[in-house]
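Novice:
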Amino acid sequence: MNRPVRTHVTQRGQDISITVHTEEPVKTTPVSLLGGEYIPNNAVSARTAREIQKKESGAHSGSFSDPKKNVHHFGLREGARVADFGSGSGAYTLALAALVGSTGAVYAVDVQRDLLTRIQNTATAQGYQNVEIIWGNIELLGSVGLRDEQLTAVLLANTLFQVDDKISTLKEAWRVLQPGGSIIIIDWTDSYEGLGPQKGDVVTQAEITLLCADHGFAYKRNFDAGEHHYGLIFTKALAAQDAPAAGTMKKDTFITDTISQELI
1 MNRPVRTHVT QRGQDISITV HTEEPVKTTP VSLLGGEYIP NNAVSARTAR EIQKKESGAH
61 SGSFSDPKKN VHHFGLREGA RVADFGSGSG AYTLALAALV GSTGAVYAVD VQRDLLTRIQ
121 NTATAQGYQN VEIIWGNIEL LGSVGLRDEQ LTAVLLANTL FQVDDKISTL KEAWRVLQPG
181 GSIIIIDWTD SYEGLGPQKG DVVTQAEITL LCADHGFAYK RNFDAGEHHY GLIFTKALAA
241 QDAPAAGTMK KDTFITDTIS QELI
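Numbered according to the numbering used here, the sequence shown spans residues 1 to 264.
Listed below in structure tokens is the structure:
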């Protein structure tokens, strides 16, 4: 159930009112469909045409940003194991499959079964045997069905602006990453009058940096992700005990600190 809560924050004499959504994430059971297996396109149906359109729009498909070019900024080598959280239409999944080669693995994770089916069928048609699709909710710990410390990297491309529970998403990424592994974040720098996400859904670099720093990730570098996007890379703490305890930053503190950064 979606329960908007109004939060008031005072910064430099300004009374700022923010709506915080406390919607409960949709629960899914992890389902893994192995690479090389062709799935009939009519095996599953879309929940709504609107959701499919949103996933395939420029807000998620890599429009205004070049996945084939961007993956070469990630610092990944052949043999890497990468999860594409919120894989959408699969533009980054397929670009990663080419990058990591036959000795690597790419896990496309999404709640939209229709899109996962398309990714698997496209990967099979293009000869990629290193792609695995996983039906799971990245906002729930353990929902993606991957082992702890299994991955070299996790990619969140044009995804975080759509996620309600960003903290749980980062915690799930932290769980599946090896110590020293990378979380790679690409997102829109602005709404661009509706070309990207709605103005209120844009997630700034300052917000991402604060969230990652508070949940076990250290800033590594940024990269050019295209004219309308930013690219950030963070690394996981070297050992599990180095990660901050869950909930070390309260939501009110995060909102206040983020507003302070944006007002500077």
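Positions of the beta carbon are idealized from the N, C-alpha and C atoms, including for glycine.
Enumerated in chain order, which unbroken segments of the alpha helix (DSSP H) with a length of 4 residues or greater are wholly contained in the segment 90-136?
Specialist: Within the segment 90-136, the complete alpha helix (DSSP H) runs of at least 4 residues are 91-100, 113-125.
Novice: If you draw a straight line from the alpha carbon of Lys166 to that of Arg81, how long is it in whole angstroms?
Specialist: Roughly 23 Å separates the two Cα atoms.
Novice: Start and end of the beta strand (DSSP E) containing Val154?
Specialist: Note, Val154: beta strand (DSSP E), 151-157.
Novice: Relative to the C-alpha of Leu140, which candidate in Leu116, Lys171, Ile119, Gln150 has its C-alpha closest?
Specialist: With distances taken between Cα atoms, Leu140 lies closest to Lys171.
Novice: Using a threshold of 8 Å, state whether the C-beta atoms of Gly79 and Thr117 are closer than that.
Specialist: Not in contact: Gly79 and Thr117 (Cβ atoms no closer than 8 Å).
Novice: Given Thr189, which residues of its chain have a CB within under 7 Å of its CB, disregarding the five upstream and five downstream residues?
Specialist: Closer than 7 Å at the Cβ level, and outside the excluded window around Thr189, lie His228, His229, Tyr230.
Novice: Report the rounded CA-to-CA distance for Gln178 versus Val154, giving the unit in angstroms.
Specialist: The straight-line gap from Cα to Cα measures roughly 10 Å.
Novice: In the DSSP assignment, the alpha helix (DSSP H) including Pro197 goes from what residue to what residue?
Specialist: Where Pro197 is concerned, there is no enclosing alpha helix (DSSP H), given that its DSSP letter is neither H nor E.
Novice: Between Leu94 and Leu210, what straight-line distance do the alpha-carbon atoms span, to the nearest angstrom?
Specialist: Between Leu94 and Leu210, the C-alpha separation is close to 30 Å.
Novice: With a CB to CB cut of under 7 Å and the five nearest residues on each side skipped, what residues in its chain are close to Asp66?
Specialist: Closer than 7 Å at Cβ, skipping near neighbours: Gly226.
Novice: Go ahead and pull the three-state DSSP assignment for Ser182.
Specialist: The answer is strand: DSSP assigns Ser182 an E or B state.
Novice: Just to confirm the assignment, what range does the beta strand (DSSP E) spanning Asp81 have?
Specialist: According to the sequence as given, residue 81 is Arg; it is not Asp. Its beta strand (DSSP E) spans residues 81-85.
Novice: Could you tell me the alpha carbon to alpha carbon distance between Ala237 and Leu76, rounded to whole angstroms?
Specialist: Straight-line Cα distance between these residues: approximately 18 Å.
Novice: Find out if the Cβ-Cβ distance for the pair Ile186, Asn70 is shorter than 8 Å.
Specialist: Result yes, Cβ atoms of Ile186 and Asn70 sit closer than 8 Å.
Novice: Measuring alpha carbon to alpha carbon, tell me which residue in Lys220, Ile183, Thr159, Glu193 is nearest Val203.
Specialist: Answer by Cα proximity: Thr159.
Novice: What span of residues does the beta strand (DSSP E) with Leu232 cover, start to end?
Specialist: Run containing Leu232: 229-236, per the beta strand (DSSP E) assignment.
Novice: Measuring alpha carbon to alpha carbon, tell me which residue in His72, Tyr128, Gly145 is nearest Ala83.
Specialist: Nearest of His72, Tyr128, Gly145 to Ala83, Cα basis: Gly145.
Novice: Distance, Cα to Cα, Gln129 vs Gly86?
Specialist: When rounded, the distance between both Cα atoms is 20 Å.
Novice: Thinking Ala108 and Ile134 are a contact (beta carbons under 8 Å), I'd like their distance in whole angstroms, please.
Specialist: Contact flag correct, Cβ pair sits at about 7 Å.
Novice: Could you give the DSSP three-state label for Ala218: helix, strand or coil?
Specialist: Strand, per DSSP.
Novice: Quick one: grab the DSSP three-state call for Phe161.
Specialist: Helix at Phe161.
Novice: Alpha carbon to alpha carbon, what distance is there between Ser89 and Arg113?
Specialist: Whole-angstrom Cα-Cα distance: 11 Å.
Novice: Leaving aside the five residues before and after Val176 along the sequence, list all residues of the same chain whose C-beta is less than 6 Å from its C-beta, in chain order.
Specialist: Closer than 6 Å at Cβ, skipping near neighbours: Leu146, Gln150, Leu151.
Novice: From which residue to which residue does the alpha helix (DSSP H) around Glu139 run?
Specialist: Glu139 -> no alpha helix (DSSP H), and no H or E assigned at all.
Novice: Report buried or exposed for Gln123, applying the criterion of at least 16 other Cβ atoms within 10 angstroms of its Cβ.
Specialist: Residue 123 is actually Ala in this sequence, not Gln. Buried: at least 16 other Cβ atoms inside 10 Å.
Novice: Per DSSP, which one or two residues make a beta bridge with Leu210?
Specialist: Leu210 is not bridged to any residue.
Novice: Tell me, to the nearest whole angstrom, how far the beta carbon of Ala173 is from that of Tyr92; I am working on the premise that it is less than 8 Å.
Specialist: Actually they are not in contact, since the Cβ atoms of Ala173 and Tyr92 sit about 15 Å apart, beyond 8 Å.
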